[in-house]
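Each number in the working numbering comes from the position in the sequence shown (counting from 1) with 29 added on. Ideal Cβ positions, reconstructed from N, Cα and C, are used throughout, including at glycine. For reference, the structure is listed below as structure tokens.
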Amino acid sequence: MIGHDGEMAGCLQTRQEADHLYVLGIGLHPRFQGRGIGAAVMDAVKQRAASMGLPVRLSVFRTNPRALEFYLRLGFRQTGESESGRTMEWQPPQD
Numbered sequence: 030m031i032g033h034d035g036e037m038a039g040c041l042q043t044r045q046e047a048d049h050l051y052v053l054g055i056g057l058h059p060r061f062q063g064r065g066i067g068a069a070v071m072d073a074v075k076q077r078a079a080s081m082g083l084p085v086r087l088s089v090f091r092t093n094p095r096a097l098e099f100y101l102r103l104g105f106r107q108t109g110e111s112e113s114g115r116t117m118e119w120q121p122p123q124d
């Protein structure tokens, strides 16, 4: 659950694997979009993954170009492509 100002703004689902943290899905109610909430949530996911030394991976449907642009802005890079979408990955900074 993603809360904002005491309200349910959306949801996030992740799964930790041995070699990465996978984002199964993130969704925000339309009235909470465009406020930086999604970016803040994904920053928290990246911080969690970085603290474990893991990359973050996810998939984006081809029919969702806004999501692709969003993840590219957050430092994700495309790692694969299929008929239905793209796979993306963020790597934690190397010390």
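Check whether the region 84 to 92 touches the region 42 to 52, taking contact to mean three or more Cβ pairs, one atom from each stretch, closer than 8 Å. yes
Along the chain, where does the beta strand (DSSP E) that runs through V104 open and close? Position 75 of the sequence shown, counted from the start, is the residue given in the question as residue 104. First, the amino acid is wrong: residue 104 is Gly here, not Val. Per DSSP, G104 belongs to no beta strand (DSSP E) and is neither H nor E.
Just to confirm my understanding: we take E110, look at its own chain, exclude 5 residues before and 5 after, and list those with CB closer than 8 Å. What are they? Taking the sequence shown and counting its residues from 1, one reaches residue 110 at position 81. Only T116 meet the Cβ criterion.
Using the C-alpha atoms, what's the distance from R77 back to G32? Working through the sequence shown from its first residue, we reach residue 32 at position 3. Working through the sequence shown from its first residue, we reach residue 77 at position 48. In a straight line, the C-alpha of G32 is about 18 Å away from that of R77.
Q135 - partner residues in DSSP beta bridges: In this structure the chain extends from 30 to 124, so residue 135 is not present and cannot be described.
Of the listed residues M37, E118, M81 and A79, nearest to F99 (C-alpha basis): Along the sequence shown, read from residue 1 onward, the residue named residue 99 stands at position 70. When only C-alpha atoms are compared, the closest one is E118.
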